[in-house]
Amino acid sequence: MVVVVVVGVVVVVVVVVVVVVVVVVVLVVHVVVVKAAAAIMVVAVVEAETAIVAVVMVVAIVVDVVVVIVINVRLE
């Protein structure tokens, strides 16, 4: 039982780290693209990357919920 909880915590931590890394990469790419892009393109880039970050966050939340459900089922 303790092992399942520890594995669950590790999985959640890994998911959070992956999300943080993805967000940082997206932000770095965003800064590079904005500096390189024309002013007209910046708006489109910002909107696209905001959507990407939103999708990444939703995926992370879904994964967390699934992990918690799996842990609860295993504990029962």
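Residue numbers (the working numbering): -5 to 70. We put the CB at the ideal spot given by N, CA and C, even for glycine.
Tell whether a beta-carbon distance below 8 Å holds between VAL17 and VAL56.
no
Would you say VAL(-2) and LEU69 are within 8 Å of each other, going by their C-beta atoms?
yes
Quick one, are the C-beta atoms of VAL4 and ALA54 less than 8 Å apart?
no
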